[in-house]
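Single-structure report; data block below.
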Amino acid sequence: MAKQLTSKSENYSQWYNDLVTKADLAENSAVRGSMVIKPYGYAIWEKMQRVLDDMFKETGHQNAYFPLFIPKSFFSKEASHVEGFAKECAVVTHYRLKNDESGKGVVVDPDAKLEEELIVRPTSETIIWDTYRKWIQSYRDLPLLINQWANVVRWEMRTRLFLRTAEFLWQEGHTAHATREEAVKEAETMLGVYADFAEKWMALPVLKGLKSPNERFAGAVETYCIEALMQDGKALQAGTSHFLGQNFAKAFDVQFLNKENKLEYVWATSWGVSTRLMGALIMSHSDDNGLVLPPKLAPIQVVIVPIYRKTEQLEAIREKAVEIMKSLKAKGISVKFDDRDTFKPGFKFAEWELKGVPVRFAIGPRDLENNTVEVARRDTLEKEVLQMENIAEKTEHLLESIQQNIYQKALDFREENTFKVDTWDEFKERIKKGGFVLAHWDGTPETEEKIKEETKATIRLIPMDGKKEAGKCIYSGKDSQQRVVFARAY
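Heads up: the sequence shown is residues 675 to 1164, going by this note's numbering.
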């Protein structure tokens, strides 16, 4: 099955597309730029969703749901917000179809024009803040900590499965606070949640920082982000958290009576991650044999493949497999017994390797005699024979080892592909080869734009570690107090 994949070194983009489709994660739909997420791909997304949802609730957030359609006039209330999303909006203008009089199907009924057009949500700040005006009256109503799981539409011209599609799934948190300090703390806290999830569950090392003004979310005062490095040397923004100041509160007149009985505008945040995380998971760990999934997010953590010639051998292996599965499930390990008789073991090995199952057991008649099992790791492709005693505990430790190894491998790759440069020539040469490039920038949008125009590199983030280092901007030669992280990105 791996032979169906283009190799990463030959064509990384095609390798990615091949892998998404061949591993049964997703496929293109009849609607241009939209995707169908297949059951195996959706099972991974469900695990992500479940973990994140628990993390949100542990930090005091509740789930709600807001409308898919947003009145067009709402987007006029916050100027920078509408400017940021205007070119990506899908617009509903009519509410009815009718039969074509010529008998050629259906047409839009011209008499069914909406009084006001509706925007299919690209993000929900406007509809949510219009709602919050009714919910918030007093300081007793704050903080308001709401999240929603939803789909959004952004009319993309160039699309790629999971990474950039016209419609995608995500969660978006929207919170309201009594003070600026509370709102900033919330934005930073949620960035920390995203970073913990990326590193501890996705085995994906990330950098945390602030976006430059040019790269901020439309309508935000500050945008915080996590950035990861993919195996082709390009950066991927894996999550964002925004401090919105009082911009949306003022646009939608959301005020509260404070403890001194005076009216104030509330302070806001929003934050989100999307099915783009699926793309990050694939591109950061997988290889020419297929997916490499961190055990914590793998829909199937262990697959058992029987090796047999006769039916009675299969039944004896099945009996032992049921015993093993019971012990694994008691440890919370998901396991599948692949007893399909339409495929040979070699085909099954290749299929589960392609799908990234972390651990594979092979059991044959000789294993039953010796009370052993052949164990194959997906991350290293190494095999070993283990005694079946305490197999659940051994498997538990093995899965932990695989999770850590996958993370360490990705971290080592990032460290090996992070570079400091001090001159424009160095920068141009280095950025072509990929990786994170740490360089001085004079802080102006003009210089940032010139660098982007000439190299296709953007400032991925301004590090939040507080480390200052005086230097000269690589492009303008002006003073700089801190290096920022540049990269070419998805």
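Glycine included, C-beta positions come from ideal geometry on N, C-alpha and C.
| query | result |
| --- | --- |
| Please report the residue range of the beta strand (DSSP E) in which Pro1137 lies. | 1132-1137 |
| Measuring only the C-alpha atoms, how far is Met957 from Met709? | 18 Å |
| To which residues of the same chain is Arg978 closer than 6 Å at the C-beta, ignoring the five residues directly before and after it? | Note on identity: in this sequence residue 978 is Ile, with Arg being the wrong assignment. These residues qualify, in order along the chain: Ala995, Phe1011, Phe1035. |
| Is the stretch 686-696 touching the stretch 819-828, taking contact as three or more C-beta pairs under 8 Å? | no |
| Comparing C-alpha positions only, which one of Ala1144, Glu896, Pro980, Arg795 sits nearest to Asp1116? | Ala1144 |
| What would DSSP say about Met722, mapped onto helix, strand or coil? | helix |
| I believe Ala850 touches Tyr806 by the beta-carbon criterion, under 8 Å. Please report the beta-carbon distance rounded to the nearest angstrom. | 6 Å |
| Suppose you measure from the CA of Cys763 to the CA of Ile793; what does that come to, to the nearest Å? | 6 Å |
| Can you tell me whether Ile744 is helix, strand or coil according to DSSP? | strand |
| Output the residue ranges of the beta strand (DSSP E) runs that lie fully inside the stretch 734-796 and measure 3 residues or longer, sorted by chain position. | 743-745, 764-768, 771-773, 780-782, 787-794 |
| Determine contact between the stretch 859-878 and the stretch 938-954, defined as no fewer than three beta-carbon pairs at a distance below 8 Å. | yes |
| Going by other Cβ atoms of all chains shown within 10 Å of its Cβ, with 16 needed for buried, is Trp875 buried or exposed? | buried |
| Can you tell me whether Leu771 is buried or exposed? The criterion is at least 16 other CB atoms within 10 Å of its CB, across all chains shown. | exposed |
| Where Pro968 and Trp719 are concerned, what is the direct C-alpha to C-alpha distance, given to the nearest angstrom? | 13 Å |
| Hey, how far is the Cα of Gly777 from the Cα of Ser703? | 27 Å |
| Quick one: what does DSSP say Glu1123 is sitting in, helix, strand or coil? | helix |
| Taking the beta carbon of Ser985 as the centre, do at least 16 other beta carbons fall within 10 Å, making it buried, or is it exposed? | According to the sequence displayed, residue 985 carries Thr and not Ser. By the 10 Å Cβ count, Thr985 comes out exposed. |
| How would you write the range of the beta strand (DSSP E) that Thr1092 sits in, first residue to last? | 1092-1094 |
| Pair every Cβ in the stretch 868-888 with every Cβ in the stretch 1131-1151, then say whether three or more of these pairs are closer than 8 Å. | yes |
| How is the beta strand (DSSP E) around Lys882 delimited, first residue to last? | 881-884 |
| Would you report the Cα separation of Ala1004 and Pro980, rounded to the nearest angstrom? | 22 Å |
| Buried or exposed, going by whether 16 or more other CB atoms sit within 10 Å of the CB of His1071? | exposed |
| How should Trp1026 be labelled, buried or exposed, when 16 other C-beta atoms within 10 angstroms of its C-beta is the threshold for buried? | buried |
| Between Arg1014 and chain B, is there a C-beta pair that is closer than 8 Å? | Chain labels in this structure do not include chain B; a single protein chain is all it has. |
| Is the beta carbon of Leu1112 less than 8 Å from the beta carbon of Lys1094? | yes |
| On the three-state DSSP scale, how would you describe Ala972? | coil |
| Give, in chain order, every unbroken run of the beta strand (DSSP E) that is at least 3 residues long and sits entirely within the stretch 810-881. | 818-827, 841-851 |
| Since Lys1146 and His1114 are thought to touch, with beta carbons under 8 Å apart, how far apart are those beta carbons, to the nearest angstrom? | 6 Å |
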